[in-house]
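These notes are about the structure you will find just below.
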Amino acid sequence: MAFSFKEPIIQLTSVWYICYNIPMKKRWKHSKTTVYNIAYHLIWCPKYRRKVLVGIIEKRLKELLVEKAEQLSLEINTMEIMPDHVHLFIKASPVDSPHFIVQQLKGHTSRILRKEFAELRSRIPTLWTRSYYCESIGHISEGTVRKYIEDQKGQ
0 MAFSFKEPII
10 QLTSVWYICY
20 NIPMKKRWKH
30 SKTTVYNIAY
40 HLIWCPKYRR
50 KVLVGIIEKR
60 LKELLVEKAE
70 QLSLEINTME
80 IMPDHVHLFI
90 KASPVDSPHF
100 IVQQLKGHTS
110 RILRKEFAEL
120 RSRIPTLWTR
130 SYYCESIGHI
140 SEGTVRKYIE
150 DQKGQ
């Protein structure tokens, strides 16, 4: 049987699968040796869950998160900044651990926001708590997570 290799082909444990009718650019990313779809739902809070992420601080935080995500080659799919916590739906590469991603995002944003906004230095000793929530997301539940994050503002 002759195959037309116009369709993307993925090799998994020496078995060839031909993937039809799946837009590869939207669902999967690839590197030289890997095809992947890795996504995380991340949540973290300011110290003491203070409601400090409002107004101009919220706007600047969004800018900083987008800027750092671009530096790390992450894709922020959905982002919602609540007064007392941050929700992110991020797509990452297989070499970036969730812990590394959160460390980089929290560290970068804390350093710059505390430098630019004196009220963040006076109200709390550090901007973020040391903890965070992380859930890996499969393709089936992406829509559910995205809707949940987007609906946070309405509550």
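Numbering that gives the first Met the number 0 puts the sequence shown at residues 0 to 154.
Ideal Cβ placement from N, Cα and C applies to all residues, glycine included.
Taking all protein chains in view, the Cβ of His29 is surrounded by fewer than 16 other Cβ atoms within 10 Å, so the residue is classified as exposed.
At a cut-off of 3 residues, not a single continuous stretch assigned as beta strand (DSSP E) sits fully inside the segment 103-134. Relative to the Cα of Pro97, the nearest Cα in the group Ala38, Gly106 and Tyr47 belongs to Ala38. The three-state reading of DSSP puts Leu41 in strand, counting E and B together. Taken through DSSP and simplified to helix, strand or coil, Leu52 comes out as coil. Taking the CA atoms as reference points, Glu74 sits about 30 Å from Pro124.
Spanning the alpha carbons of Tyr132 and His84 requires a straight line of approximately 11 Å.
C-alpha of Arg113 to C-alpha of Trp43: approximately 17 Å in a straight line. Contact between Pro82 and Leu119 is ruled out by a C-beta separation of about 13 Å, above the 8 Å threshold. DSSP, read as helix, strand or coil, puts Lys58 in helix. A Cβ-Cβ distance of about 14 Å is found for the pair Asn36 and Arg145, leaving them out of contact under the 8 Å criterion.
Residue Thr108 holds the alpha-carbon nearest to the alpha-carbon of Glu57 among Ser130, Trp27, Arg26 and Thr108. The alpha-carbon of Phe116 is positioned some 16 Å away from that of Lys46. Using a Cβ distance threshold of 9 Å, Glu79 and Lys152 count as a contacting pair.
In the assembly as shown, Val101 is a buried residue. Its beta-carbon has 16 or more other beta-carbons within 10 Å. The shortest C-alpha to C-alpha distance from Val65 to any of Glu149, Lys31, Lys90 and Val34 is the one to Lys90.
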